[in-house]
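733 is the number of the first residue of the sequence shown in the working numbering; add one for each residue after it.
Reading through the structure tokens given below for one structure.
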Amino acid sequence: MFATSTATRVRVRHAGTTDVEAARTLMLRVLAEDLGYGFRPEWHADLADPAAAYLQTPGQALFLAEDADGTLLGTTAVKVGGPRSPQVLVDHYRGRSVAQLARVWVLAEHRRRGAARALVETAARWAVDEGGHRTVYLHTDTAVAGAEAFWRSLPVREVLDERVPGAELQTVHFELDVEALRSTAVSAARSEGLATVRD
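Spelled out as structure tokens, the structure:
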């Protein structure tokens, strides 16, 4: 499945084996340039081998956003299951059919073109329609410029605010209302020329 916006010229598609190295390079660049702490194996084990994590693990997927020339703009991943911490959320999601959006990262020079929203819409629909999940969870570090505002511009429900003044990470946890997102995507399609195509 991929979505193409004729207004912004952004295309979202599943990553394949030939895409993995470029996607990993982009993700490592975002970790270094935007998040400021680089690759940490305890947090980013999936980035050590994205092919194994997302192309060879049932129920998981990696999506790419590209422009009309095929330039890679950003990524989004779907993981099975809720967060590994804090314990209150581990307990909250235990036994539930949960997909987690992760690695929703767009290079700084390509932002404000609709890539992140298109990635989220495509990945969330896939998690529900193809993955069969009932809940789509995500978390964000609100210390990253624009991150909280982006997520709150979407139909999300705050689950837990873990922000502590002075802490390295300023994490807020959300659930995404996929049906509401689907409705807004249809409205956007009518007004902006967005077409969804299944490959």
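Every residue, glycine too, gets a C-beta built ideally from N, C-alpha and C.
A quick note: this is a predicted structure, and the numbers were derived from the prediction, not measured.
Only counting the same chain, and skipping five residues up and downstream in sequence, which positions put a Cβ closer than 7 Å to that of residue i?
i	result
residue 893	904
residue 783	749, 752
residue 848	806, 836, 838, 882
residue 812	791, 792, 831
residue 808	795, 833, 835, 836, 851, 852, 855
residue 756	779, 782
residue 896	none
Would residue i and residue j qualify as a contact pair, given that the criterion is a beta-carbon distance under 8 Å?
i	j	result
residue 796	residue 845	no
residue 799	residue 761	no
residue 815	residue 865	no
residue 830	residue 769	no
residue 767	residue 876	yes
residue 879	residue 804	no
residue 822	residue 863	no
Mapping DSSP to helix, strand and coil, what is residue i?
i	result
residue 772	coil
residue 900	coil
residue 754	helix
residue 765	helix
residue 927	Note on residue 927: pLDDT 44, under 50, position unreliable in the model; no value is reported.
residue 739	Reliability of the predicted coordinates at residue 739 is poor, the pLDDT of 45 falling under 50, and the value obtained from them is presented with this limitation in mind. Residue state, collapsed to three classes: coil.
residue 895	coil
residue 734	Annotation note: pLDDT 49 at residue 734 (below 50); position unreliable, coordinate value reported separately. Reduced to three states, the DSSP call for residue 734 is strand.
Give a yes or no on whether the minimum CB-CB distance between residue i and chain B is below 8 Å.
i	result
residue 810	Among the protein chains of the structure shown there is no chain B, as only one such chain exists.
Leaving aside the five residues before and after residue i along the sequence, list all residues of the same chain whose C-beta is less than 6 Å from its C-beta, in chain order.
i	result
residue 901	873
residue 778	785
residue 747	755, 794, 796
residue 787	none
So, for residue i: in the same chain, excluding its five sequence neighbours on each side, which residues have a beta-carbon less than 8 Å away from its beta-carbon?
i	result
residue 820	892
residue 818	892, 894
residue 922	For residue 922, the predicted structure reports a pLDDT of 48, less than 50, and the residue's modelled location is therefore unreliable. A value from the coordinates is still provided. So the list is empty, once near-sequence residues are dropped.
Inter-stretch contact (C-beta, 8 Å, three-pair minimum) for the region 816-826 and the region 855-864: Contact fails between the region 816-826 and the region 855-864, because fewer than three Cβ pairs, one in each stretch, are under 8 Å apart.
Touching by the beta-carbon criterion (3+ pairs, under 8 Å), the region 746-765 and the region 830-845: The count of Cβ pairs closer than 8 Å, one atom from the region 746-765 and one from the region 830-845, reaches three, so the stretches are in contact.
Contact between the region 907-916 and the region 882-898 (3+ Cβ pairs under 8 Å): As far as the Cβ criterion goes, the region 907-916 touches the region 882-898, which means the pair count is three or higher.
Segments assigned beta strand (DSSP E), at least 3 residues, entirely inside the region 785-849: Counting whole runs of 3 or more residues, the region 785-849 contains the beta strand (DSSP E) stretches 793-799, 804-812, 830-838.
Those runs of the beta strand (DSSP E) which lie wholly inside the region 851-885 and span at least 3 residues: Segments of the beta strand (DSSP E) lying fully in the region 851-885: 867-873.
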